[in-house]
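Sequences listed follow chains A and B, in order. If you want our numbering, it's the position in the first sequence, counting the first as 1, plus 15. If you want our numbering, it's the position in the second sequence, counting the first as 1, plus 17.
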Amino acid sequence: MKDQLKIFLLSLFITAFASNAIYAQSQSTDKQSNKFLLSGYGFTNFEKAQDGISSFSSGFSPIILWKSGERLFFESEFEFELEDGGTQVGLEYAQLFYTVTDNVLFGVGKFLNPNNLFMERLHPTWINKLPNIPFGVSGHGGVPLLATTQLGAQLKGAFPVQSTKIIYAVYVSNGPVLNVEEEADHTEGETPLEKKNRIQDAAPEDEGDGHDAAAPGTLNFNNFQDNNNNKAFGARIGFLPFPQLEIGIGLEIANVGTEDSHLADLQSSMQVFDLSYTRDSGILKGQLDVRGQFVWLNIDQSDEEPLNYKNESRSGYGQLAYRPVKIENSLLKNLEFVFRYDYLDLPELAELNTDLNRTTYGVNYWLAPNSAVKFAFQNKTIKEHEEETETLFITQFTLGF
Amino acid sequence: MNDKTKRYVNGSALFIGGMLIFLVLSIIGCAPTVPQEQKTGAMLWGENCNRCHNIRTPSEFNDGQWEVAMTHMRTRGNLTANESKKILEFLKIAN
């Protein structure tokens, strides 16, 4: 706790110092080839579950960017969050880019997963139209089915084809690791039901963290030191028939078992379909924003317990937002109405067999293009042993800078 | 069919579905719009910079800062060199 506070204060100091230096530098002439920018975002949430305790939470994510000459670029983001009585510090991403040609960028490091469009493009709180994130996209939103970030190398870019555009990204990375049964030390003599309950209790529901989601059969994406020589391979292609619409498909294949173990040959295959549509409509007197991302994850079945079941999971979300920007009323044109449906469906025979469905209704007031106050009301259905519903009210104040 | 083949069949179903949508949309997409190379910086800014987030006003940053932010957005938004160059030129005039 003390250490975490120290780290927090130190990071604040470094950020303040860096911003000073960066400010000084960015005020100077444009001729220098080495340029910095400090950006990022901060937010505070307040939430109250129907039968739960209400609570504030807060986070701050500074982004530091360097451009060195015409071809080199470095992006990094830190994440400070107040969690479990302390400050969690994370390196969200750190990637070095080299511009190969006009249409090809080469990046190495820890980068946002190009297959996980929500995390790559929409998760910063000043961009996300709701105060929390959909299921399946990260450890912060239930069990993740695909990685938030990859540790490896990627090629990405775009090719214009007449008035349309094709976007691509291909990557190799350490890839996910299959969570297998933990060593039975304190759990000896447990009945299968007791074990299942223990694992479900330990597993994250809504705000859990990827590190805890170690239920056997799920994937751990925080693979900073790989467990095998096989690297994950992934690719996404996006097509923009016109600039307002993008449709993407992606896949990732990886060996997820530990080298030389009996699970070494087990493979995971992930497929994703995504859609983004944003347009200004004269008839609707406003801006319409439609998003969706649907994920299918299959993991090979093992011959041995406990993973000898069909391990297939699905998750997805669809979101519709409308903001009457073309109405001549300064209050109304800053209001935005949002609806989202999301789901997470884990295999029935898995020890963690959650089946979640959720609808969210939100209203936002935009104070600036990069700042909003958001209010949302959520209704969640959880099917485990029996069906339960939970409602949640959540509000957020955020600024991107 | 064993599990592995099934998985790839599922996969190809998704792929074919995707390709079909691509085809339909390419036909729609062939409606006469301005080819990429002929678009001005202001046009490209208007088309690209509100796809993921609200459009950020040019006056938020000075020229040097925009140069870095635009490089960031080129990598994040998969822009071509030509697009990001033209948008940057526009931002430097408009800020």
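Quick reminder that beta carbons are idealized off the backbone N, C-alpha and C, glycines included. Please read all numbers here as calculations on a predicted model, not as lab measurements.
Could you tell me which chain B residues have their CB closer than 7 Å to the CB of residue i, listed as they occur along the chain?
i        : result
A:Leu120 : Thr92
A:Phe88  : Thr88 and Thr92
A:Thr293 : Asn67 and Arg68
A:Phe112 : Thr92
Pull up the distance between the alpha-carbon of residue i and that of residue j, whole angstroms please.
i        : j        : result
A:Thr233 : A:Arg373 : 21 Å
B:Glu64  : A:Asn128 : 24 Å
A:Arg338 : A:Phe236 : 36 Å
A:Ala228 : A:Leu160 : For A:Ala228, the predicted model reports a pLDDT of 49, less than 50, meaning its position is unreliable and no value from the coordinates is stated.
B:Gln53  : B:Ala98  : 12 Å
A:Ser284 : A:Gly297 : 43 Å
A:Ile262 : A:Ile181 : 10 Å
A:Phe95  : A:Gly57  : 9 Å
A:Lys395 : A:Asn143 : 19 Å
A:Gln215 : A:Gly154 : Residue confidence for A:Gln215 is low, a pLDDT of 47 falling below 50, so the modelled location carries little weight and cannot support an answer.
A:Leu106 : A:Leu299 : 42 Å
B:Ala86  : A:Val195 : 42 Å
A:Lys325 : A:Arg306 : 30 Å
A:Lys348 : A:Glu90  : 34 Å
A:Gly167 : A:Gln308 : 23 Å
A:Gln334 : A:Pro149 : 10 Å
A:Leu255 : A:Lys398 : 38 Å
A:Phe126 : A:His400 : 38 Å
A:Val378 : A:Thr273 : 46 Å
B:Arg73  : A:Ile252 : 27 Å
A:Phe88  : A:Lys389 : 34 Å
A:Phe51  : A:Asp66  : 47 Å
A:Leu120 : A:Gly415 : 26 Å
Can you name the start and end residues of the alpha helix (DSSP H) that residue i belongs to?
i       : result
B:Trp83 : Asp80 to Arg93
Along the chain, where does the beta strand (DSSP E) that runs through residue i open and close?
i        : result
A:Lys144 : Note, A:Lys144: premise wrong, no beta strand (DSSP E); not H, not E.
A:Met134 : Where A:Met134 is concerned, there is no enclosing beta strand (DSSP E), given that its DSSP letter is neither H nor E.
A:Glu351 : Leu350 to Asp360
A:Gly331 : Asn326 to Arg338
A:Leu127 : Val119 to Leu127
A:Ala109 : Gly101 to Thr116
A:Phe236 : Note, A:Phe236: premise wrong, no beta strand (DSSP E); not H, not E.
A:Lys50  : Asn49 to Ala64
A:Leu371 : Asp370 to Ala383
A:Asp289 : Gln282 to Ser296
A:Asp304 : Gly301 to Ile314
How is residue i classed by DSSP in three states: helix, strand or coil?
i        : result
B:Arg73  : coil
A:Glu403 : strand
B:Lys102 : helix
A:Lys389 : strand
B:Ala12  : Here chain B covers residues 18 to 112 and nothing more, so residue 12 of chain B does not appear.
A:Ile182 : strand
A:Asn194 : coil
A:Glu320 : coil
A:Ala229 : coil
B:Leu108 : helix
A:Ile347 : It is worth fixing the name first, because residue 347 of chain A is Leu in this sequence and not Ile. Helix.
A:Asn243 : coil
B:Asn65  : helix
A:Glu98  : strand
B:Gln53  : helix
A:Ala269 : strand
A:Thr396 : strand
A:Lys82  : strand
A:Pro175 : strand
With 16 as the cutoff for other CB atoms within 10 Å, does residue i come out buried or exposed?
i        : result
A:Gln440 : Past the edges of chain A, shown from 16 to 416, lies residue 440 of chain A, and the structure says nothing about it.
B:Ala111 : exposed
B:Asn71  : buried
A:Ile342 : exposed
A:Tyr183 : buried
A:Asp99  : exposed
A:Glu366 : buried
A:Met171 : A quick correction: the sequence has Lys, not Met, at residue 171 of chain A. Buried: at least 16 other Cβ atoms inside 10 Å.
Taking residue i as the query, report the chain A residues whose CB atoms sit under 7 Å from its CB, ordered along the chain.
i       : result
B:Asn95 : Lys171, Gly172, Ala173 and Ile182
B:Cys69 : Arg136, Leu137 and Ile142
B:Ala98 : Asp117
Kindly list, in the order they appear in chain A, the residues whose Cβ is closer than 8 Å to that of residue i.
i        : result
B:Ile72  : Pro384
B:Glu106 : Going along chain A, no residue has its Cβ under 8 Å from B:Glu106, so there is no contact; the nearest lies around 13 Å.
Going along chain B, which residues have a C-beta under 8 Å from residue i?
i        : result
A:Leu322 : Chain B residues near A:Leu322: none, gap ~13 Å exceeds 8 Å.
A:Lys82  : Glu84, Val85 and Thr88
A:Pro258 : Glu64, Asn65 and Arg68
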